[in-house]
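Protein chains in written order, with our numbering: chain A, 1 to 115; chain B, 1 to 279. We put the CB at the ideal spot given by N, CA and C, even for glycine. On a predicted model such as this, the values are computed, not experimentally measured, just so you know.
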Amino acid sequence: MTTTKQPIWGTTIFDGDQARKGYALNKMCMSFNDAANRAEFVRDEDAYCARYGLNPAQREAIRHRDVLELIAAGGNVYYLAKFAGIFGLDVQDIGAQQTGVSKAEFQARLLAEGR
Amino acid sequence: MAKIVGCVTTSHVPAIGRAIAKGLQQEQYWKPFFDGFAPVHRWLEKTQPDVAVIVYNDHGLNFFLDKMPTFAIGAAPEYVSADEGWNIPTVAPFKGDPALSWHVIESVIAEDFDLTTCQEMVVDHAVCNPMALLWPGGGDWPVRVVPVEINTVQYPLPSAARCFKLGEAIGRAIASYPEDLRVVVIGTGGLSHQLDGERAGFINKEFDRRFMASLTEDPAWVTKYSTLELVERCGTQGIELLLWLTARATLGSVRELAANYHVPISNTAAGMMLLEPAG
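Now the structure itself:
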């Protein structure tokens, strides 16, 4: 049984189905807590992804640095944030990417919420 | 006997740690958030707690999907922070209180809650940032800590109703501890925000304000919602209000001594409350 009975627009609930699908991808991203692993990924991305057994969709999503694609491939944002960290990207960068606006526009949207 | 002197709830997003590391507290963007803690600092100076029981969610530092406890509690003599993947400076280690941890474990498991007990535990920004907000300046922490961790990563999550009951049980556990300790209970995370999906950037001020008001007037109000109903109202990360709720439920009736609500910090509606037992 999944928990995703009532879909919420623009939202993927990270339930058992997602956790199973994304396990290898999330495990690789979890490894990026270690600076040596981040450096190793940068040095040889293909070998690093192969070591974690990413499936083709996950490998492509990593290649594209595309957060929505990574989520569709089973990625969880808490682990994906560690992947984004390799490139110095923060949650506003990935928010902008997922909503199809520039970072400045994304930030302006949030500031507007505060007014 | 031990006594809960109060409850503090606050947002914990990583950007807070970056702002502290860069000394941005008085910059225009951050000032309305950091200034909200002045009454908390005065209150902590006055009440001088010995221990902080801190209810938080791990974001992929101590726990991974290989083993994901619904509820976990630290029982370690010391807790350290560590690199979470984006090079935030680590903070001074936190001293634990294993005797109190084991008392809470005994008491809460006797009430049929199934806690995962951790004699080793690294703590992430959801512990470090609130601690640095309450006791700024770095250096040695003036309190020992007992971390209580709740899964908000992998669904199904515990319901709000279940978290409320866990908080009540932790409150009873602390109140039955024979040592004369002054305990502050801290709940971290929230309020409304969403990092993932096309809905990233979602904020719901009306719901946040209603939730904050409920913690004083009618703390079980939010337990009428299912987890998914809460995600719909406050976002995939806004669900961290479960940690506020658990912390709040350790106390009976309360009075609000201070509150702050500011939008945005990073992608988040930031909230803070300071509650004291009434009477």
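Where the beta strand (DSSP E) containing residue i begins and where it ends
{"i": "B/G187", "result": "R182 to T188"}
{"i": "B/V40", "result": "Per DSSP, B/V40 belongs to no beta strand (DSSP E); it is in the alpha helix (DSSP H), A38 to T47."}
{"i": "B/K224", "result": "Note, B/K224: premise wrong, no beta strand (DSSP E); not H, not E."}
{"i": "B/N260", "result": "V254 to I265"}
{"i": "B/R199", "result": "Taken as a continuous stretch (DSSP letters only), B/R199 belongs to no beta strand (DSSP E), as it is neither H nor E."}
{"i": "B/L133", "result": "No beta strand (DSSP E) holds B/L133; the alpha helix (DSSP H) holding it covers H125 to L134."}
{"i": "B/P147", "result": "R144 to I150"}
{"i": "B/K3", "result": "K3 to T10"}
{"i": "B/Y56", "result": "V51 to Y56"}
{"i": "B/L274", "result": "T268 to P277"}
Chain-ordered chain B contacts of residue i [CB-CB under 9 Å]
{"i": "A/Q58", "result": "Within chain B, no residue comes near A/Q58; the closest Cβ sits about 15 Å away, beyond 9 Å."}
{"i": "A/A81", "result": "P14, H59, G60, E84, G85, W86 and L195"}
{"i": "A/D15", "result": "Q154, Y155 and P156"}
Proximity to residue i [Cα-Cα], best of the options
{"i": "A/Q18", "options": "A/Q107, A/V77 and A/A96", "result": "A/V77"}
{"i": "B/I138", "options": "B/C128, B/P147, B/R144 and B/A173", "result": "One detail in the question is off: residue 138 of chain B reads as Gly in this sequence, not Ile. Checked all of B/C128, B/P147, B/R144 and B/A173; the closest Cα to B/G138 is B/C128."}
{"i": "B/G167", "options": "B/E217, B/I109 and B/V123", "result": "B/I109"}
{"i": "A/R51", "options": "A/E40, A/I94 and A/R115", "result": "A/E40"}
{"i": "A/G95", "options": "B/G197, B/W221, B/Y225 and B/L243", "result": "B/G197"}
{"i": "B/K31", "options": "B/G279, B/M273, B/E276 and B/V263", "result": "B/V263"}
{"i": "B/D35", "options": "B/A247, B/V231 and B/L134", "result": "B/L134"}
{"i": "B/I186", "options": "B/S107, B/E84, B/D112 and B/N57", "result": "B/N57"}
{"i": "B/L230", "options": "B/L215, B/V8 and B/N204", "result": "B/N204"}
{"i": "B/V153", "options": "A/R63, A/G74 and A/G100", "result": "A/G74"}
{"i": "B/F94", "options": "B/E84, B/I105 and B/V80", "result": "B/V80"}
{"i": "A/Y23", "options": "A/E45, A/N37, A/G10 and A/C49", "result": "A/C49"}
{"i": "A/A36", "options": "B/G85, B/T9 and B/P156", "result": "B/G85"}
{"i": "B/I4", "options": "B/R209, B/H103, B/M273 and B/R182", "result": "B/R182"}
{"i": "A/W9", "options": "B/L228, B/S214, B/F63 and B/M1", "result": "B/L228"}
{"i": "B/A259", "options": "B/G6, B/A2 and B/V40", "result": "B/V40"}
{"i": "A/N55", "options": "A/D90, A/K27, A/R43 and A/Y79", "result": "A/K27"}
{"i": "A/T11", "options": "B/T10, B/D114 and B/R199", "result": "B/R199"}
Residues of its chain near residue i, where Cβ-Cβ distance is below 7 Å and the 5 sequence neighbours each way are ignored
{"i": "A/T3", "result": "Caution applies to A/T3, whose pLDDT of 49 falls short of 50 and renders its modelled position unreliable; the value that the coordinates give is listed next. Here the set comprises I13 and D15."}
{"i": "B/V13", "result": "I265, S266 and T268"}
{"i": "B/A82", "result": "L61, T90 and V122"}
{"i": "B/D140", "result": "A92"}
{"i": "B/S176", "result": "S107"}
{"i": "A/M1", "result": "Reliability of the predicted coordinates at A/M1 is poor, the pLDDT of 42 falling under 50, and the value obtained from them is presented with this limitation in mind. Cβ neighbours of A/M1 beyond the five flanking positions: none."}
{"i": "B/L24", "result": "W30"}
{"i": "A/A112", "result": "none"}
{"i": "B/A15", "result": "I265 and S266"}
Close-in-space but distant-in-sequence residues of the same chain around residue i (CB under 8 Å, 5 per side omitted)
{"i": "B/G17", "result": "I88, P89, H125, C128, N129 and A132"}
{"i": "A/K82", "result": "C29, M30, F32 and N33"}
{"i": "B/Y225", "result": "A160 and R233"}
{"i": "B/Q26", "result": "F34"}
{"i": "B/A21", "result": "I88 and P89"}
Where residue i meets chain A, residues with beta-carbon distance less than 7 Å
{"i": "B/S266", "result": "V91 and Q92"}
{"i": "B/G201", "result": "G95, T99, F106, R109 and L110"}
{"i": "B/T236", "result": "T11"}
Rounded Cβ spacing between residue i and residue j (contact assumed at less than 8 Å)
{"i": "B/L191", "j": "B/F211", "result": "7 Å"}
{"i": "B/P158", "j": "B/I150", "result": "7 Å"}
{"i": "B/L241", "j": "B/L257", "result": "The Cβ separation is near 20 Å, so there is no contact."}
{"i": "B/T246", "j": "B/I174", "result": "That belief does not hold up - the Cβ atoms of B/T246 and B/I174 are roughly 13 Å apart, past 8 Å."}
{"i": "B/Q119", "j": "B/A75", "result": "5 Å"}
{"i": "B/D66", "j": "B/V146", "result": "About 25 Å; that fails the 8 Å criterion."}
Partners in chain B for residue i, counting only beta-carbon separations shorter than 8 Å
{"i": "A/A32", "result": "The residue asked about is misnamed: residue 32 of chain A is Phe in this sequence, not Ala. Going along chain B in sequence order, the residues near A/F32 (Cβ under 8 Å) are G85."}
{"i": "A/E69", "result": "Simply none; closest approach about 12 Å."}
{"i": "A/Y78", "result": "H59, G60 and V153"}
{"i": "A/G114", "result": "H262, V263 and P264"}
{"i": "A/Y23", "result": "L65"}
Neighbour list for residue i in chain A, Cβ cutoff strictly below 8 Å
{"i": "B/V231", "result": "I8, T11 and I13"}
{"i": "B/F33", "result": "By Cβ distance, chain A contributes nothing, its closest Cβ being about 11 Å from B/F33, past 8 Å."}
Cβ shell of residue i (< 6 Å), same chain only, five flanking positions each side left out
{"i": "B/T116", "result": "P69 and A72"}
{"i": "B/A278", "result": "S253, V254 and R255"}
{"i": "B/P219", "result": "R248"}
{"i": "B/F202", "result": "Q194 and G235"}
{"i": "B/Y261", "result": "G271"}
{"i": "B/V55", "result": "V148, G187, L243, T246 and A247"}
{"i": "A/Q97", "result": "V67"}
{"i": "A/Y79", "result": "N26, C29 and M30"}
Chain B residues whose Cβ lies nearer than 7 Å to that of residue i
{"i": "A/N55", "result": "Ordered by position in chain B, no residue passes the 7 Å Cβ test against A/N55, which lies about 16 Å from the chain."}
{"i": "A/G74", "result": "Simply none; closest approach about 10 Å."}
{"i": "A/A35", "result": "D83"}
{"i": "A/A19", "result": "L65 and Q154"}
The ligand ZN heavy atom lying under 7 Å from the CB of residue i
{"i": "A/D66", "result": "The ligand ZN is not part of this structure, which contains no ligands at all."}
Continuous alpha helix (DSSP H) stretch holding residue i: start and end
{"i": "B/G171", "result": "A160 to A175"}
{"i": "B/T246", "result": "L241 to R248"}
{"i": "A/F106", "result": "K103 to E113"}
{"i": "B/F113", "result": "Taken as a continuous stretch (DSSP letters only), B/F113 belongs to no alpha helix (DSSP H), as it is neither H nor E."}
{"i": "B/F71", "result": "First-last for B/F71: F71 to G74, but that is the beta strand (DSSP E), not the alpha helix (DSSP H)."}
Under 9 Å from the C-beta of residue i: neighbouring residues of chain A
{"i": "B/E198", "result": "W9, G10, T11, L68, Q98, T99 and G100"}
{"i": "B/F64", "result": "N26, K27, M30 and Y79"}
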